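Numbering (the UniProt record's numbering), first residue to last: 1 to 143. Just so it is clear, CB atoms sit at the ideal spot from N, CA and C, and this is done for glycine as well. Just so we're clear, the structure is a prediction, and the values are computed from it rather than from any experiment.
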C-alpha cells in the first residue's frame with residue numbers, strides 16, 4: 001500500500017447549512033434541532049470528528065452549547081472542533097458561541113510571533129459566564 005497517505009480509510013462528511021427557502025441564500029442557518037439535524041446528521045453518516053468554523057457574537061453558555069454537551073455525553077466518541085471566534089483583540093473571555101461548550105475543542109490563532117509566544121500553546125481557561133473550566137488551544141499565525 002505505497003503512498004496511501006496518513007489515513008487511507010478516512011471518510012469525509014459534508015453538511016450544507018444553507019437554507020434555499022430563505023431570501024438571503026448566502027447566510028448560514030443553524031438547524032432548529034441541532035441534536036438531530038446537525039450533530040446527529042453528522043454522526044449517523046459516520047463522522048466522529050466535526051469541524052465547525054462558525055460562531056456567533058455572544059460569549060454566553062446558551063442553548064447550542066447545552067445541546068452539544070448533552071450530545072457528547074451520549075456519544076463520547078464524537079469530537080466537535082470549533083473556532084474560537086474573531087474577537088481576541090478585545091481581551092480575555094472573548095471566545096464566542098458555540099466555542100464555549102465545555103466538551104468541545106476550541107482552537108484559535110494569535111497575531112503573535114512564535115518567539116513572543118509562551119512555550120505552551122494550550123491552557124486552562126475559566127469561562128465566567130458558565131462557571132466551567134475549558135481547555136483552549138491556540139498557536140501563533142505569524143512565523
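Remark: fewer than three beta-carbon pairs, one from each stretch, lie closer than 8 Å, so the region 2-13 and the region 27-36 are not flagged as touching. Taking residue 45 as the centre and dropping the five residues before and after it, the same chain places the C-beta of 13 closer than 7 Å to its C-beta, in chain order. Looking at the DSSP output, residue 58 bridges to nothing. If you draw a 10 Å sphere on the C-beta of residue 36, you find fewer than 16 other C-beta atoms in it, and that means exposed.
Beta-bridge analysis with DSSP links residue 82 to 52, 106. In the DSSP annotation of this structure, residue 17 is not part of any alpha helix (DSSP H), being labelled neither H nor E. Judged by DSSP secondary structure, residue 44 falls within the alpha helix (DSSP H) whose first and last residues are 40-44. Taking the Cα positions, residue 11 is about 19 Å away from residue 53.
Beta-bridge partners of residue 28 (DSSP): 18. Assigned with DSSP and collapsed to three states, residue 63 falls in helix. Here residue 74 carries a helix assignment [DSSP, helix/strand/coil]. In the three-state reduction of the DSSP assignment, residue 69 falls in the helix class, which pools H, G and I.
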